[in-house]
Amino acid sequence: MTDRSHLQIAVITGGTSGIGLATAHRLLCRNYRVAVFSQRRENVEAARDELAKEFGTERVFARPVDLAVPAQIEDFFIELGAKWGSPQALVCNAGVSPKGRDGATPFNQIRLTEWNEVLAVNLTGAMLCCQAVGPAMMERGFGRIVLIGSVAARARPKIAGASYVASKAALSGLTRSLVSAYAAFGITVNLVAPGRILTNMAGEPNTPANRAVLAAIPAGRLGQPDDVAAVVEFLISREAGFVNGAVVDVNGGEFLPL
346 MTDRSHLQIA
356 VITGGTSGIG
366 LATAHRLLCR
376 NYRVAVFSQR
386 RENVEAARDE
396 LAKEFGTERV
406 FARPVDLAVP
416 AQIEDFFIEL
426 GAKWGSPQAL
436 VCNAGVSPKG
446 RDGATPFNQI
456 RLTEWNEVLA
466 VNLTGAMLCC
476 QAVGPAMMER
486 GFGRIVLIGS
496 VAARARPKIA
506 GASYVASKAA
516 LSGLTRSLVS
526 AYAAFGITVN
536 LVAPGRILTN
546 MAGEPNTPAN
556 RAVLAAIPAG
566 RLGQPDDVAA
576 VVEFLISREA
586 GFVNGAVVDV
596 NGGEFLPL
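This note's numbering numbers the first residue of the sequence shown as 346 and each following residue consecutively.
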């Protein structure tokens with residue numbers, strides 16, 4: 346792949362662990378400047394230190410941001426703009442999936458507070474980030490947006506609760522709407538739908554839930570964060586300029602759409 350990304354700026358929400366952190370590593374290797382955020386300050390500091398140790402401090406920008414608080418999103422992009430300028434790429438990776446000791450909350454027991462929190466982070470937060478970067482991308486005539494969905498929104502959910510599934514399904518509609526709004530301006534918007542990926546959200550590989558999912562994956566293994574990050578890396582490249590409005594499944598064959 347030709348590297349034409351010299352000093353381009355990418356923002357990765359939820360970029361301090363799992364898929365987001367793996368994506369940050371890949372983009373920094375391609376000479377991007379990378380801005381990451383997540384809610385917990387200790388996670389932000391740990392990711393910042395890890396990335397800066399390998400790639401230096403000049404190309405890493407990390408801040409704690411709660412996607413459920415619109416003012417924090419706005420402040421992040423204002424600070425980023427003052428430091429580096431507007432990003433060429435946005436990866437909306439952050440997400441929450443509430444689970445208790447016995448798994449996801451049964452549908453009839455979901456409280457409105459949980460429902461609203463999940464949609465605020467997984468859906469509304471992504472929308473606000475897209476609004477924050479969209480105008481500058483339109484003016485520039487170039488932009489790349491990748492939303493991270495889930496196989497749970499494309500097949501019968503095995504583990505995830507209704508609030509998570511609904512929020513991820515809504516990202517498909519948001520993707521199509523963004524394509525309609527942005528495609529004429531050289532901006533691509535695509536959705537990546539991972540299967541079971543071994544992140545903090547998925548837990549340990551040998552849990553009963555993960556073993557059950559593994560049995561349904563023809564590839565014979567659970568996914569790694571870098572499996573998804575590799576797809577994201579391509580979708581935000583210039584070479585992916587004619588890929589727009591796609592849903593890319595990364596699940597080892599667990600879900601095979603017609």
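Note that the Cβ used here is the ideal one computed from N, Cα and C, for glycine as well.
Values in this document were obtained by computation on a predicted structure and should not be read as measured data.
### Pairwise C-alpha distance: Tyr527 and Ala392
32 Å
### Query
When the Cβ atoms of the stretch 372 to 385 are set against those of the stretch 405 to 412, are three or more pairs found closer than 8 Å?
yes
### Query
For Phe406, which residues does DSSP report across the bridge?
Ala380
### Query
How about Asn331 and Val441: do their beta carbons lie closer than 8 Å?
In this structure the chain extends from 346 to 603, so residue 331 is not present and cannot be described.
### Query
Is DSSP giving Asn467 helix, strand or coil here?
helix
#### Entry: Bounding residues of the beta strand (DSSP E) (the contiguous stretch that carries Leu492)
Gly488 to Ile493
### Query
Is the beta carbon of Phe422 less than 8 Å from the beta carbon of Met482?
no
### Message
Between Val496 and Pro432, how many whole angstroms is the CB-CB distance? I'm expecting something under 8 Å.
### Response
Contact doesn't hold; Cβ gap of about 27 Å is too wide.
### Query
Per the contact definition of three or more C-beta pairs closer than 8 Å, is the stretch 530 to 539 in contact with the stretch 582 to 602?
yes
#### Entry: Within 8 Å, strictly: CB atoms of Val577 and Gly540
no
#### Entry: For Arg404 and Ala449, the rounded distance between their alpha carbons
38 Å
### Task
Could you check if Thr368 is buried or exposed, using at least 16 other CB atoms within 10 Å of its CB as the buried criterion?
buried
### Best match in Val436, Leu492, Lys513 and Pro480 for proximity to Ala500 [C-alpha to C-alpha]
Lys513
### Message
Less than 6 Å between C-beta atoms, sequence neighbours within five positions excluded: which residues of the same chain meet that for Leu464?
### Response
Ser512
### Query
Any idea what DSSP makes of Asp594, helix, strand or coil?
strand
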